[in-house]
Amino acid sequence: MPTQSATKATKTKKKTSKRKVKKNLVIVESPSKAKTIGKYLGSRYKVMASVGHIRDLPKSTMGIDIENNYEPHYISIRGKGPVIKELRKEAKKAAHVYLASDPDREGEAIAWHLSHLLDLDPQDKNRVAFNEITKETVKNAFKTPRAIDMDKVNAQQARRVLDRLVGYSISPLLWSKVKKGLSAGRVQSIALNLIIKRQEEIKNFKPEEYWTIDAEFSKDKKQFAASFYGLAGKKKELGNNDDVKEILAPLDKNQPFTVTTVKKSERLRKPNQPFTTSTMQQTANNVLKFKTSKTMMLAQQLYEGISLGKGGAVGLITYMRTDSTRISDQAKHQAASFIHDTYGEEYAALKPQAVKLSEGAQDAHEAIRPTSVLRTPAELEPYLTKDQLKLYSLIWSRFVASLMTPAVIDTVRVDIEQNGRTYRANGSQMKFPGFTKVYQESKRKDNLLPALAEGDQVTLVANQPNQHFTLLPAQYTEASLIRTLEENGVGRPSTYAPTLSVIQKRYYVKLVARKFEPTELGEIVNHIMEECFPDILNVGFTAKLENDLDSVEEGKRQWVKVIDEFYQPFAKEVSAADEKLAKVKIKDEPAGIDCEICGAPMVIKLGRFGKFYACSRFPDCRNTKAIIKEIGVTCPQCKEGQVVERKSKKNRTFYGCSRYPDCDFVSWDKPVGRDCPKCQHYLISKKTKQGMQVKCSNCDYEEAIQK
1 MPTQSATKAT KTKKKTSKRK VKKNLVIVES PSKAKTIGKY LGSRYKVMAS VGHIRDLPKS
61 TMGIDIENNY EPHYISIRGK GPVIKELRKE AKKAAHVYLA SDPDREGEAI AWHLSHLLDL
121 DPQDKNRVAF NEITKETVKN AFKTPRAIDM DKVNAQQARR VLDRLVGYSI SPLLWSKVKK
181 GLSAGRVQSI ALNLIIKRQE EIKNFKPEEY WTIDAEFSKD KKQFAASFYG LAGKKKELGN
241 NDDVKEILAP LDKNQPFTVT TVKKSERLRK PNQPFTTSTM QQTANNVLKF KTSKTMMLAQ
301 QLYEGISLGK GGAVGLITYM RTDSTRISDQ AKHQAASFIH DTYGEEYAAL KPQAVKLSEG
361 AQDAHEAIRP TSVLRTPAEL EPYLTKDQLK LYSLIWSRFV ASLMTPAVID TVRVDIEQNG
421 RTYRANGSQM KFPGFTKVYQ ESKRKDNLLP ALAEGDQVTL VANQPNQHFT LLPAQYTEAS
481 LIRTLEENGV GRPSTYAPTL SVIQKRYYVK LVARKFEPTE LGEIVNHIME ECFPDILNVG
541 FTAKLENDLD SVEEGKRQWV KVIDEFYQPF AKEVSAADEK LAKVKIKDEP AGIDCEICGA
601 PMVIKLGRFG KFYACSRFPD CRNTKAIIKE IGVTCPQCKE GQVVERKSKK NRTFYGCSRY
661 PDCDFVSWDK PVGRDCPKCQ HYLISKKTKQ GMQVKCSNCD YEEAIQK
């Protein structure tokens with residue numbers, strides 16, 4: 001029988017002989033993505049986040065060796081030292097290192113930079129990419145790792161080098177000729193130019209007069225609307241009041257009109273394709289009133305994973321940077337079954353719509369869709385924030401609708417005549433809702449006409465001529481600017497949000513009532529770009545450059561050659577511009593007030609974030625203050641100060657008391673200077689689609705809309 005000491009020795013021996021199993025290290029970009037993936041992979045894997053890029057070009061210098069094939073000089077990003085140190089430590093003791101950054105050019109470049117810092121061979125099969133963060137997809141991706149795609153890396157590297165060459169060549173020119181702190185870039189310069197050109201169109205616009213004649217007819221005591229169409233069935237435009245008089249002169253109000261044509265037909269309305277990055281940004285801006293940056297932030301959260309209670313975190317949508325409308329067969333089949341079971345067989349499309357990629361689209365991954373159509377917005381409501389739910393609902397419903405049958409609309413066109421004058425009425429009625437049962441961006445109303453047949457007599461009830469003028473071209477919104485950039489082939493899914501953000505941060509444009517307006521500073525910068533760098537503002541030239549970058553990704557072109565073809569003529573333009581441009585003097589405007597510190601006159605200066613008051617004796621006196629705009633309303637809280645218009649840190653207009661901080665009154669809506677007759681709180685003015693409306697800030701009182 002073994003002794004107690006012998007038993008202990010045996011246990012110790014067994015314990016020491018049991019070797020510690022090495023874990024696999026997985027590196028992703030964000031902590032939330034790491035948390036979600038870590039739960040799927042289990043204890044044999046350790047998942048860490050690089051927190052975005054870890055290497056980039058230096059900020060203090062160009063960082064491009066132009067004489068040596070445009071070799072970029074990368075350095076570790078400031079502040080990333082502790083992250084890099086921890087990653088290196090874990091990589092050394094890991095059984096294997098996997099690089100699982102996002103499945104696009106940017107993600108491929110992050111993986112490549114990581115491989116250099118961690119001394120990994122880019123040719124090793126250590127790259128893992130997936131289009132959605134779900135347990136099945138992630139586990140399958142780890143079964144088939146691949147080498148880093150150097151064509152993708154080179155395409156991203158080429159874009160980064162191009163942007164650096166442009167920015168670090170033109171920005172110093174702007175600093176010396178205009179003022180410090182300015183910048184110029186390829187895509188941002190085109191976006192600014194488009195906004196300014198549209199503003200010039202609006203300024204030079206000359207409205208043209210035209211008239212319509214709207215009528216009300218009656219048949220069997222049922223009234224319906226119609227409008228003047230033409231003469232004897234042929235279209236006739238009404239340019240002025242004389243044209244209207246000529247049309248109305250032979251009409252006899254006491255005589256009936258005759259129905260000459262009744263044309264009935266069915267119209268099919270097909271669903272839209274599921275979202276790409278740009279269509280998601282546009283629709284979220286138009287429907288949800290989300291800024292592009294907010295849409296992308298929320299989409300990133302939905303992609304990386306949301307905790308669903310006991311079920312843990314799961315990615316709710318596929319990758320949100322894509323210009324593809326492709327859908328996987330698995331997702332199609334799941335959605336078809338869901339539609340069939342939930343809405344009925346007649347709502348499920350027998351065949352999916354033919355998918356046609358836009359020119360230059362990178363079909364690297366799918367459209368933006370829910371990772372599981374079975375996770376309905378109603379089911380996820382308890383787990384999502386209000387804004388997350390709004391965006392998820394939009395993505396979910398658009399995807400489901402894309403695989404449903406078209407809506408069927410019964411239409412009827414009726415022509416009514418008297419003395420050769422033709423009026424036309426159009427009626428429509430939904431026959432079968434199809435996809436609109438799930439998704440429609442705007443509400444539709446039926447327009448029913450009474451039963452009419454050719455030869456019927458109808459009575460004229462009212463005939464109203466109306467004068468109109470052609471409308472001004474619309475200012476760009478975030479949605480319409482993105483659409484224009486995409487239509488012209490400028491930029492790619494990952495560039496739209498940063499482009500719109502940077503032209504606002506530089507104060508080249510501002511958003512007023514969700515519409516872009518150029519600033520004086522923006523117009524100065526744009527003028528210099530037009531005069532000295534026409535190629536950069538040439539939409540066709542920039543679109544070709546984007547296609548060249550796509551060719552690099554496809555392995556068809558060398559990135560160094562693409563850069564060289566651009567840079568050689570560009571460098572000559574930079575040299576010529578330095579000699580050609582005179583220094584732009586931004587004149588200070590007299591403010592009409594004196595400095596309260598030294599008594600000298602104050603002036604209005606143009607700064608990076610707009611205009612402000614400054615002492616004319618600068619730099620001897622450094623007194624500055626914000627320009628405050630009074631709205632002519634006494635503060636409803638303290639009854640002493642004036643309500644003034646202010647700007648938040650995010651450049652959003654709000655209203656506060658001029659006696660702040662003694663009075664802390666604040667309102668996002670503009671007070672009108674009257675009290676509510678119902679509860680005595682102050683009234684505010686709100687902008688609606690129909691016009692301005694005065695409402696109470698406290699109760700449900702509201703006044704008629706002022707159109």
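Anchor point for the sequence shown: position 89 equals 89 in full-length UniProt numbering, and the numbering is continuous, going up by one each time. C-beta atoms are modelled at their ideal positions from N, C-alpha and C, and glycine is treated no differently. The structure presented is a predicted model; accordingly, all values stated were derived computationally and were not measured.
- Closest in alpha carbon position to D56, among E67, A109 and V97, is A109.
- The C-beta distance from V28 to S101 rounds to 6 angstroms, short enough to meet the 8 angstroms contact threshold.
- Going by C-alpha positions, F432 is about 58 angstroms away from D564.
- The DSSP-derived three-state label of G167 is helix.
- S428 and R267 have their alpha carbons spaced roughly 9 angstroms apart.
- Nearest to M62 by C-alpha distance, out of Y423, L316 and R164, is R164.
- For the pair E579 and F541, the Cα-to-Cα distance works out to about 25 angstroms.
- Within the model, the alpha-carbon separation for F142 versus V128 is close to 6 angstroms.
- In this structure, the CA atom of T634 is about 19 angstroms from the CA atom of C679.
- Collapsing the DSSP output to three states places Q429 in a strand.
- Nearest to I628 by alpha-carbon distance, out of I247, S648 and P636, is S648.
- Less than 8 angstroms separates the beta-carbon of V644 from that of S658.
- When DSSP states are grouped into helix, strand and coil, D56 belongs to the strand group.
- Under a 10 Å Cβ-count criterion, R557 is classified as buried, with 16 or more other Cβ atoms of the shown protein chains found around its own Cβ.
- Contact check for D214 against A225 passes: the beta carbons are separated by less than 8 angstroms.
- For P518, the pairing in a beta bridge is given by DSSP as V509.
- Of the candidates A425, H340 and Q475, A425 places its Cα closest to the Cα of L452.
- Per DSSP, Y319 is not a residue of any beta strand (DSSP E), being assigned neither H nor E.
- Here K291 is near E478, since their CB atoms are less than 8 angstroms apart.
- Following the DSSP letters along the chain, one finds T36 inside the alpha helix (DSSP H) bounded by residues P31 to L41.
- One alpha carbon belongs to E530, the other to P569, and they sit about 16 angstroms apart.
- Short of 8 angstroms from the beta carbon of Q223, and not among the five residues preceding or following it, lie these beta carbons of its own chain, in chain order: E216, F217 and V461.
- Contact between the region 613-623 and the region 589-596 is present: 3 or more CB-CB pairs across the two stretches fall below 8 angstroms.
- Closest by C-alpha distance to A249, out of P518, P465 and L471, is P465.
- When the five nearest sequence neighbours on each side are left out, the beta carbons in the same chain lying within less than 6 angstroms of the beta carbon of K263 are those of R413, in order along the chain.
- For W211, there is no enclosing alpha helix (DSSP H); the enclosing beta strand (DSSP E) has its first and last residue at E209 to K219.
- If you compare the alpha carbons of R146, N131 and E106 with that of P122, the shortest gap goes to R146.
- Closest option to P406, judged by alpha-carbon separation, among A349, K221 and S183: A349.
- In this structure, A184 sits near L174, with a CB-CB distance shorter than 8 angstroms.
- For the options N447, K515 and P498, the alpha carbon positioned closest to that of A474 is the one of K515.
- Exclusion of the five residues before and after A600 leaves D594, C615, S616, R617 and C621 as the residues of its chain whose Cβ lies within less than 8 angstroms of its Cβ.
- Taking the Cα positions, K390 is about 37 angstroms away from I84.
- In this structure the region 25-40 lies against the region 89-105, because at least three pairs of beta carbons, one per stretch, are closer than 8 angstroms.
- Per DSSP, the unbroken beta strand (DSSP E) holding D415 starts and ends at A407 to Q418.
- In the structure shown, L288 falls within a coil segment according to DSSP collapsed to helix, strand and coil.
- K23 is positioned such that its CB atom lies closer than 8 angstroms to that of Y45.
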